[in-house]
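Colleague: Numbering (the working numbering), first residue to last: 9 to 389.
Please read through the structure below; I'll follow up with questions.
Below, the structure is given as structure tokens:
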């Protein structure tokens, strides 16, 4: 157990260690037992982030010219699908010189371009590969071994756990990915979530998608599939990180983004709020009331909107006061302004806002054209 903590949302949360750290520690121990012969109960590695880890070695097995062992993944207090699973390494001699690293059962295979590893390779990312290689080279240096070694990383529960990760969307089949850039899991890390968005965006771009539909959450996913005819594989889920998603897209050369989301989330964009989580800002009704006043509603209607519990209730009030269309025109104009401001005009940014009760409520001026472009791309495929 790693006794390192961070404070997130006023809570003390324990850090963990990545699947990459587990794989490197297991490989180091297996290599040490193969070359040295003695049992190694604890494997010691230093992560790329400079933190020293001492990880317990489990499930040791030996054969003629090979040793395998495992390390249990500990994600700390992060809600991680891979927490508690075993990451195994089997090290064996091989005829060819050098150290070969590959994935076995439960480690996914890359089937789409745009990821950290090429198509056909095991989903063991660059930094974990480097960690594994360095760990095994250290052992070889210690024992003066110049023979070739094969290192196969496997995950007994990897295929089952992979369904709870982004791997199916990324075209990684057959198991989980071996990941980590610092070797340490930061609990509830926004950086990790944004990195996931970046990876998925790169896959879409590599598939020839210059224009991307982005949905904040499940409401947008269902609406885009059922009402707009855009399949799940053609959309990108950004959670609350609207601004970060725009930044990534602009940096990666995306030509345009169409945001499709529920009024309760996207109305915050009309106030320039680019992280839509409620702990960052919750001014939905204030922004709607301001739009109502601009649309000609009286102060009584604005006050009623301010007291409403949901945006759907606020839409009802706008509708009853005959100013829904004008208010939504104002809201969409402000959304268009702030999205364009965020990307500094480097790409097209459009938005479509809906309600589960009232359907499509508004869209920016170029939204219909971008949706048509996305649909035509789907037909061409």
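Yeah, the Cβ is synthetic: ideal placement off N, Cα and C, and Gly gets one too.
Only a predicted model underlies this, so the values are computations on that prediction, with no experimental measurement involved.
1. Do three or more CB pairs link the segment 166-181 to the segment 32-45 at distances below 8 angstroms?
2. Quick check on residue 270: buried or exposed, where buried means 16 or more other Cβ atoms within 10 Å of its Cβ?
3. Please state the DSSP three-state secondary structure of residue 227.
4. So is residue 373 buried or exposed if we call it buried at 16+ other beta carbons inside 10 Å?
5. For the beta strand (DSSP E) that contains residue 80, what are its first and last residues?
6. With distances taken between CB atoms, is the gap from residue 158 to residue 102 smaller than 8 angstroms?
7. Going along the chain, which residues of its own chain have a beta-carbon closer than 7 angstroms to the beta-carbon of residue 134, five neighbours each way excluded?
8. Is residue 113 helix, strand or coil when you go by DSSP?
9. For residue 358, which residues of its own chain have a beta-carbon under 6 angstroms away from its beta-carbon, when the five flanking residues on both sides are left out?
10. Count the CB pairs spanning the segment 21-36 and the segment 54-67 that are closer than 8 angstroms, and state whether there are at least three.
11. Three or more beta-carbon pairs under 8 angstroms between the segment 279-287 and the segment 240-249, yes or no?
12. So, helix, strand or coil for residue 62, using DSSP?
13. At a cut of 8 angstroms, does the segment 220-233 reach the segment 174-190 through at least three beta carbon pairs?
14. For residue 363 and residue 130, I'd like the C-alpha separation in whole angstroms.
15. Under the three-state reduction of DSSP, which class applies to residue 67: helix, strand or coil?
16. Kindly give me the distance between the Cβ atoms of residue 416 and residue 73, rounded to whole angstroms, as I take these residues to be in contact under 8 angstroms.
17. In angstroms, rounded to a whole number, what distance separates the CA positions of residue 361 and residue 279?
18. Please state whether DSSP places residue 145 in a helix, a strand or coil.
19. Roughly how many whole angstroms lie between the Cα atoms of residue 66 and residue 186?
20. Where does the unbroken alpha helix (DSSP H) through residue 339 begin, and where does it stop?
21. How many angstroms separate the CA atom of residue 350 from the CA atom of residue 321?
22. On a Cα-Cα basis, can you pick out the residue from 368, 206 and 46 that is closest to residue 258?
23. For residue 144, count neighbouring Cβ atoms within 10 angstroms of its own Cβ and tell me buried if that reaches 16, exposed if not.
24. Give me the DSSP bridge partner(s) of residue 51.
25. Can you tell me whether residue 232 is buried or exposed, with buried defined as 16 or more other CB within 10 angstroms of its CB?
26. Measure the C-alpha to C-alpha separation of residue 336 and residue 260 and round it to an integer number of angstroms.
27. Could you check which residue in 287, 95 and 314 has the C-alpha nearest to that of residue 298?
28. Here's the rule: buried if 16 or more other CB atoms are within 10 angstroms of the residue's CB, otherwise exposed. What is residue 50?
29. Quick one: what does DSSP say residue 207 is sitting in, helix, strand or coil?
30. Which residues bound the beta strand (DSSP E) around residue 357?
31. Tell me the rounded alpha-carbon separation between residue 345 and residue 370.
32. Quick one: what's got a C-beta closer than 7 angstroms to residue 331's C-beta in the same chain, skipping five residues either side?
33. Could you pull out every residue in the same chain whose Cβ sits closer than 6 angstroms to the Cβ of residue 201, ignoring the five residues on either side in sequence?
34. Would you mind working out which of 160, 78, 127 and 128 sits nearest residue 108, comparing C-alpha positions?
35. For the ligand FAD, is there a heavy atom less than 7 angstroms away from the beta-carbon of residue 152?
36. Can you tell me whether residue 290 is buried or exposed, with buried defined as 16 or more other CB within 10 angstroms of its CB?
Modeller: According to the data block:
1. no
2. buried
3. helix
4. exposed
5. 74-80
6. Between residue 158 and residue 102, the CB-CB gap stays under 8 angstroms.
7. 124
8. In the three-state reduction of the DSSP assignment, residue 113 falls in the coil class, being assigned neither a helical nor a strand state.
9. 266, 372, 374, 375 and 378
10. yes
11. yes
12. strand
13. Between the segment 220-233 and the segment 174-190 there are fewer than three C-beta pairs closer than 8 angstroms, too few to call the two in contact.
14. 42 angstroms
15. strand
16. Because the chain here runs from 9 to 389, residue 416 falls outside it and cannot be looked at.
17. 15 angstroms
18. helix
19. 18 angstroms
20. 332-351
21. 30 angstroms
22. 206
23. buried
24. 63
25. Burial call: buried.
26. 31 angstroms
27. 314
28. Classification of residue 50: exposed, given that the 10 Å Cβ count is below 16.
29. helix
30. 356-363
31. Straight through space, the alpha carbons of residue 370 and residue 345 are spaced by roughly 15 angstroms.
32. 300, 303, 304 and 305
33. none
34. Considering only alpha carbons, the answer is 160.
35. Ligands in the displayed structure: none, and consequently the ligand FAD is not present.
36. exposed
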